[in-house]
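A short worksheet on the structure shown next.
Numbering (the working numbering), first residue to last: 5 to 97.
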């Protein structure tokens, strides 16, 4: 599995296809929490999985997850906190 970002590339060798699916499922779940209105597949530039049913099952998993109620900032408080965390900025509430 290769994860590419603007700052670095991370290459991981998984023990099984199931492990790779679990990691991608977790990344997608986190993206849905940060960007509740978008599909993780729209945010990720490229996702290639064989067979294609694996990707369809991940999309079904993400679609079935219920999102938490938006906070006092209409859900943007989680987005702002995560962006600040990415940029290593301390954010105090």
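For each residue, glycine too, the CB sits at the ideal point set by N, CA and C.
Whole angstroms is fine: what's the gap from residue i's alpha carbon to residue j's?
i, j, result
"residue 18", "residue 12", "19 angstroms"
"residue 96", "residue 51", "Because the pLDDT at residue 96 is just 47, under 50, the model does not fix this residue reliably, and the value given afterwards should be weighed accordingly. When rounded, the distance between both Cα atoms is 35 angstroms."
"residue 53", "residue 59", "6 angstroms"
"residue 16", "residue 57", "22 angstroms"
"residue 156", "residue 43", "No statement about residue 156 is possible, as the shown extent of the chain runs from 5 to 97 and does not include it."
How far does the alpha helix (DSSP H) with residue i in it reach, from first residue to last?
i, result
"residue 68", "56–68"
"residue 27", "21–38"
Determine which residues share a DSSP beta bridge with residue i and list them.
i, result
"residue 15", "6"
Using the beta-carbon count (16 or more within 10 Å), is residue i buried or exposed?
i, result
"residue 28", "buried"
"residue 41", "exposed"
"residue 71", "exposed"
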